[in-house]
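Input: a single structure, listed below in structure tokens.
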Amino acid sequence: MQEQLSELVRQAESDISACQNPNDIMNVKAQYLGKKSLLNGLFARLRELPPEERPAFGNVINESRTKIEALLESKSSLIKEATWINREAVSATDLSMPGVYSSRGGFHPLTIVRREIDEVFLSMGFEIAEGPDIDDDFHNFDALNTPADHPSRNLADTFYLEGGGLLRTQTSTVQIRTMESFPPPIRIISPGRCYRNDKPDPSHSPVFHQVEALVVDKGISLADLTDTLSQFAAIMFGSNVSSRIRPHFFPFTEPSAEMDISCVACGGEGCRICKYSGWLEMGGAGMVDPNVFKMVGIDPEVYTGFAFGLGIERIAMLKYNIPDMRILFENDLRMLRQFKGELR
Ligand code: PHE
1 MQEQLSELVR
11 QAESDISACQ
21 NPNDIMNVKA
31 QYLGKKSLLN
41 GLFARLRELP
51 PEERPAFGNV
61 INESRTKIEA
71 LLESKSSLIK
81 EATWINREAV
91 SATDLSMPGV
101 YSSRGGFHPL
111 TIVRREIDEV
121 FLSMGFEIAE
131 GPDIDDDFHN
141 FDALNTPADH
151 PSRNLADTFY
161 LEGGGLLRTQ
171 TSTVQIRTME
181 SFPPPIRIIS
191 PGRCYRNDKP
201 DPSHSPVFHQ
211 VEALVVDKGI
221 SLADLTDTLS
231 QFAAIMFGSN
241 VSSRIRPHFF
251 PFTEPSAEMD
261 ISCVACGGEG
271 CRICKYSGWL
281 EMGGAGMVDP
291 NVFKMVGIDP
301 EVYTGFAFGL
311 GIERIAMLKY
321 NIPDMRILFE
331 NDLRMLRQFK
341 GELR
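Numbering (our numbering), first residue to last: 1 to 344.
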């Protein structure tokens with residue numbers, strides 16, 4: 001009898017190890033532990049034994065039963081585990097599943113152009129300086145030699161904030177902040193957002209971008225300004241593009257000028273884009289006013305400098321043939337998608 005049981009357990013062991021799925025487990029379990037199983041039959045036959053032999057034999061049957069149960073249990077959890085691993089492997093490589101589409105973004109044309117401008121000036125040895133969008137009267141006007149009654153200070157032009165700050169109307173604020181913090185020689189550009197109380201139209205936006213340039217050293221002259229401008233125009237728009245400056249006025253430069261480049265659309269012949277003048281306005285410029293130097297503690301007898309401010313929208317519009325500045329701020333995906341490939 002003992003031997004018969006051992007044989008039964010051995011048989012069960014091999015049947016269990018051959019199980020491949022939960023169904024096989026169930027069948028083997030029924031076969032060895034179920035009502036009609038051999039083990040169950042042996043329990044029933046306990047009665048046939050003399051009473052004193054029953055406990056020992058009962059124990060032997062129970063041990064076999066426990067052994068088989070344990071084997072079934074461990075095989076069953078092995079199968080479960082394998083099923084999960086298999087399921088994960090299958091789902092990771094199921095090529096018939098629909099793909100997960102994730103669209104790659106692109107840069108806004110203003111960002112593309114700004115980075116291009118950065119690169120041109122970095123290649124000329126300029127550094128990039130930054131200043132806050134929310135600034136104060138001192139940095140936006142006073143230190144820039146702007147008289148108290150200057151029209152640009154008007155509420156109609158400048159956004160003032162409760163509590164005294166303002167949204168900078170020009171990146172020239174960064175000229176002041178740089179000269180306050182660093183001694184000459186200085187050679188920086190500062191790209192950034194500016195704000196003016198303008199109604200949006202094809203060439204105006206209440207939010208727009210400028211790149212300020214400032215060079216301060218001994219012996220800087222107007223020739224350095226015009227040369228820097230012409231180099232910039234040639235690298236940005238092509239070597240056949242020329243530049244010029246025209247007299248103008250800014251409170252913080254003396255002399256002051258406006259900068260033009262020859263029309264990139266018609267080459268200077270005259271067309272709709274340059275309003276038949278052959279020239280395109282790029283921004284303001286000039287030699288740093290001695291009063292500005294005094295405001296930041298730089299000796300105007302020792303140092304001279306030039307500064308200019310370029311409009312980034314203007315450059316982007318010319319480069320990409322964008323007819324209306326408002327298009328740059330509407331973020332219409334049909335427009336933005338056209339710049340997806342132009343990663344920079
Ligand atoms: N800040 C001037 C403007 O916004 C441009 C400028 C910059 C002029 C630097 C002179 C020097 O119009």
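Backbone N, C-alpha and C fix where the C-beta goes; we use that ideal spot for every residue, glycine too.
Heavy atom of the ligand PHE within 8 Å of residue i beta-carbon
{"i": "G131", "result": "no"}
{"i": "F159", "result": "no"}
{"i": "F126", "result": "no"}
{"i": "G192", "result": "no"}
{"i": "F250", "result": "yes"}
{"i": "G286", "result": "yes"}
{"i": "G309", "result": "yes"}
{"i": "E212", "result": "yes"}
{"i": "T304", "result": "no"}
{"i": "S103", "result": "no"}
{"i": "T169", "result": "yes"}
{"i": "T253", "result": "yes"}
{"i": "S243", "result": "no"}
{"i": "S96", "result": "no"}
{"i": "Q175", "result": "yes"}
{"i": "S205", "result": "no"}
{"i": "S172", "result": "yes"}
{"i": "S277", "result": "no"}
{"i": "S256", "result": "yes"}
{"i": "G283", "result": "yes"}
Counterpart residues of residue i in DSSP-defined beta bridges
{"i": "W279", "result": "S262"}
{"i": "H108", "result": "Answer is none; H108 lacks a bridge partner."}
{"i": "C194", "result": "F208"}
{"i": "F308", "result": "A213, A285"}
{"i": "A257", "result": "P247, A285"}
Assumed close pair residue i, residue j - CB separation to whole angstroms, cut-off 8 Å
{"i": "Y195", "j": "F159", "result": "5 Å"}
{"i": "P109", "j": "L328", "result": "7 Å"}
{"i": "F43", "j": "L49", "result": "No, F43 and L49 are not in contact; Cβ-Cβ is about 11 Å, not under 8 Å."}
{"i": "I261", "j": "F237", "result": "7 Å"}
{"i": "I112", "j": "F306", "result": "Wrong, their Cβ atoms sit about 27 Å apart, outside the cutoff."}
{"i": "T304", "j": "I176", "result": "Their Cβ separation, rounded to whole angstroms, is 17 Å, which puts T304 and I176 out of contact at 8 Å."}
{"i": "D118", "j": "R168", "result": "About 19 Å separates the two Cβ atoms, so there is no contact after all."}
Chain B within 9 Å of residue i, Cβ atoms only
{"i": "G164", "result": "Annotation note: the requested chain B is absent from the structure, which comprises a single protein chain."}
Count the CB pairs spanning the region 302-321 and the region 190-208 that are closer than 8 Å, and state whether there are at least three. yes
For the structure I just gave you, are there three or more beta carbon pairs, one from the region 219-236 and one from the region 280-294, closer than 8 Å? yes
Does the region 245-254 touch the region 263-274, meaning 3 or more C-beta pairs lie closer than 8 Å? no
Should the region 109-128 be regarded as contacting the region 142-153, the criterion being three or more beta carbon pairs within less than 8 Å? no
What runs of the beta strand (DSSP E), each 3 residues or longer, lie entirely inside the region 125-200? Listed in chain order, the beta strand (DSSP E) runs fully inside the region 125-200 are 186-195, counting runs of at least 3 residues.
Spell out a yes or no on whether the region 283-302 and the region 210-230 are touching, meaning 3 or more CB-CB pairs, one atom from each, closer than 8 Å. yes
The region 289-303 contacting the region 322-338, beta-carbon criterion three pairs below 8 Å: no
Across the region 34-41 and the region 76-85, are there enough close Cβ pairs to call them in contact, namely three or more that are closer than 8 Å? no
Given 8 Å, three or more beta-carbon pairs between the region 2-22 and the region 63-73: Judged by Cβ distances under 8 Å, the region 2-22 makes contact with the region 63-73, as three or more pairs qualify.
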